[in-house]
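Below is one structure, written out as structure tokens, with a few remarks after it.
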Amino acid sequence: MKYVLLSLLLAGELLATGTQDSETNVNSRYTVETVVVSGDGWSTSPAVDRDHKISSGLRKEIAALVGEKLNPARLDDLAKRLRKELRARTVEHHVLRGKSPEYVQVVFQVEVPPTRFDASVPKFLYQGEQGWSGAVEGTATVNNNGFTAGLVSDGDELVERYTGVVARYESQPLVNQRARLRFEFASYHELWNSSAATATDASQLYRTRDEFQPVLSVRVARPLEVSFGASFESLGQQQPGAPPLAADAFVAGARYHQEMEGASDQAVEADYDLRAGSHALASDYAYSRHRWGFRYRLKRGKQELVDDSWGGAILGNAPLFERFVLGNSTSLRGWNKFDLDPLGGNRAVHNTVEYHYGVFQIFCDSGAIWDSGQAAVARSSVGAGLRQGAFSVALAFPLRNGRMDPVFMVGMNY
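Going by our numbering, the first residue of the sequence shown is number -5, and it counts up by one from there.
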């Protein structure tokens, strides 16, 4: 009896091993032709697209499946990682027949909860010359429609410090997942630095600013997206009882983003924005504001090199919130924006070169800000610090007349 039982156990083990070997042999016959990650209302092919829903590292691993033999265990692992990264309810993988014999297509089907809530802090930083700035937002996603509300107090980005509430609605993808409709609302209270307040008459200053901005964005091709819409701004004047001023404008923009992955990862970004105030929109201001930028990133291992350039010009009579600013947490770091130009300028150029090794970073900023008819004065600054994602700690040194007065900056700014 003992020998009979041993024989049965041995036969079962051989049968199981044979089954596994058979499955392995069957799977090894097939080569992965394409891989698609698909969710409710969106789809991407990581080997071709650069969809930023998926991190660069995971996207590379999924793309690496193409050309390899089918490996179910590897698909299980990638499905688990996608579920965690996308915070999905489930991620299942399906194997479909390919276009050629012995080839298959792999589809990762992502199912997200119909409703979810996310909180974020898009900005929280301290700059030695401007003090603290911060923003907090909460977003509810309902069937791929995003509803966002938040609070902001920012003394870094514009000439004035603006404090108030923001709200935003972003529709689910439309027109074959190529278009999105976005509505933005904001109501701010404005606070002016004393140097800005004395540099112009009170009629140019405003104590409140309310904004409504509908914009339609369309992805023309994989790397190119264009947008157009309007911006309606109501400026409450400083004088009690004075009627608000309208700063209504047509808005348009274009974004180009292309990534090249290999031994060294490279990315090229270019953008152009236009805001045109017009009396046709019952605006009290008539102007056009042009801003363009170019960014190149090269990354290899722990090393990363970034070159970021932008410039802008304003023609006509624009409100102060439209004017360009240098000397904050992102441009000519170490300089004081109120020393450079307390009211900002209608002409600006700027370039940043950064080198990162792991979390360590060094940077060099150069730029100029001026008004039309004035001579442009070039200025520079250098700095060093630590950066991890959007969070950084740095010391910046403005280069002027042989003096180097450091400015401390800490926080995160997306």
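No residue lacks a Cβ here, since even glycine has one placed at the ideal position from N, Cα and C.
#### Entry: Extent of the continuous alpha helix (DSSP H) run through residue 192
Element bounds for residue 192: 188 to 192.
### Query
For the candidate residues 297, 338, 69, 317, whose alpha-carbon lies nearest to that of residue 31?
Cα-wise, what sits closest to residue 31 is 69.
### Task
Evaluate the contact criterion for the segment 224 to 237 versus the segment 197 to 216: three or more CB pairs, one atom per stretch, below 8 Å.
Between the segment 224 to 237 and the segment 197 to 216, the count of Cβ pairs shorter than 8 Å is three or higher; the stretches touch.
#### Entry: Reduced DSSP secondary structure (H/G/I, E/B, other) of residue 75
Residue state, collapsed to three classes: helix.
### Query
Would you report the Cα separation of residue 409 and residue 287, rounded to the nearest angstrom?
A query on residue 409 cannot be resolved here, the shown segment of the chain reaching from -5 to 408 and no further.
### Task
Could you name the residues of the same chain whose beta carbon sits closer than 6 Å to that of residue 4, not counting the 5 residues immediately before and after it, in chain order?
Here residue 4 scores only 41 on pLDDT, less than 50, and its place in the model is too uncertain to base an answer on.
### Query
Taking the C-alpha atoms as reference points, what is the distance between residue 23 and residue 96?
One C-alpha to the other measures close to 6 Å.
### Query
Can you name, in chain order, every residue of its own chain whose Cβ lies under 6 Å from the Cβ of residue 88, other than the five neighbours on each side?
Here the set comprises 101.
### Query
Is residue 285 helix, strand or coil by DSSP?
The answer is strand: DSSP assigns residue 285 an E or B state.
### Query
Just the Cα atoms here: how many angstroms apart are residue 216 and residue 174?
Straight-line Cα distance between these residues: approximately 15 Å.
### Task
Starting from residue 50, trace the alpha helix (DSSP H) both ways and give me its first and last residue.
Per DSSP, residue 50 belongs to the alpha helix (DSSP H) from 50 to 57.
### Cβ shell of residue 250 (< 6 Å), same chain only, five flanking positions each side left out
So the list reads 217, 218, 264, once near-sequence residues are dropped.
### Query
Which residues in the same chain have their Cβ closer than 6 Å to the Cβ of residue 321, if we skip the five residues on either side of it in sequence?
Here the set comprises 329, 330, 331, 334.
### Query
Taking just the CA atoms, how far does residue 35 sit from residue 406?
The straight-line gap from Cα to Cα measures roughly 31 Å.
### residue 293 in three-state terms, based on DSSP
Three-state result, residue 293: strand.
#### Entry: Contacting residues, own chain, Cβ-Cβ under 7 Å from residue 182 (five flanking each side not counted)
Cβ neighbours of residue 182 within its own chain (closer than 7 Å, five residues either side excluded): 156, 157, 158, 202, 203.
### Query
On the three-pair Cβ rule with 8 Å, is the segment 386 to 401 touching the segment 302 to 314?
The segment 386 to 401 makes no contact with the segment 302 to 314; the number of CB pairs closer than 8 Å stays below 3.
### Task
With a threshold of 16 other CB atoms inside 10 Å of the CB of residue 18, please say whether the residue is buried or exposed.
Since pLDDT at residue 18 reaches only 48, below the 50 mark, its modelled position is unreliable, and the value read off the structure follows with that caveat. Result: exposed.
### Query
Going by alpha carbons, who is nearest to residue 369 out of 353, 347, 342?
The residue with the shortest Cα to Cα distance from residue 369 is 342.
### Span of the beta strand (DSSP E), counted from its first residue to its last, around residue 111
It spans 109 to 121 - the beta strand (DSSP E) in which residue 111 sits, taken as one unbroken run.
### Query
Is DSSP giving residue 0 helix, strand or coil here?
At residue 0, the pLDDT of 39 sits below 50, so the modelled position is not reliable; the number obtained from the coordinates is stated separately. If DSSP states are grouped into helix, strand and coil, residue 0 belongs with the helices.
#### Entry: Per-residue burial, residue 398 [other beta carbons within 10 Å of its own, 16 or more giving buried]
Taking all protein chains in view, the Cβ of residue 398 is surrounded by fewer than 16 other Cβ atoms within 10 Å, so the residue is classified as exposed.
### Where residue 111 falls, given that 16 or more other Cβ within 10 Å makes a residue buried
Here residue 111 is exposed. Its C-beta has fewer than 16 other C-beta atoms within 10 Å.
#### Entry: Helix, strand or coil at residue 331 according to DSSP, with G and I counted as helix
Correct three-state label for residue 331: helix.
#### Entry: Same chain, Cβ closer than 6 Å to residue 177, neighbours up to 5 away in sequence not counted
Here the set comprises 163, 208.
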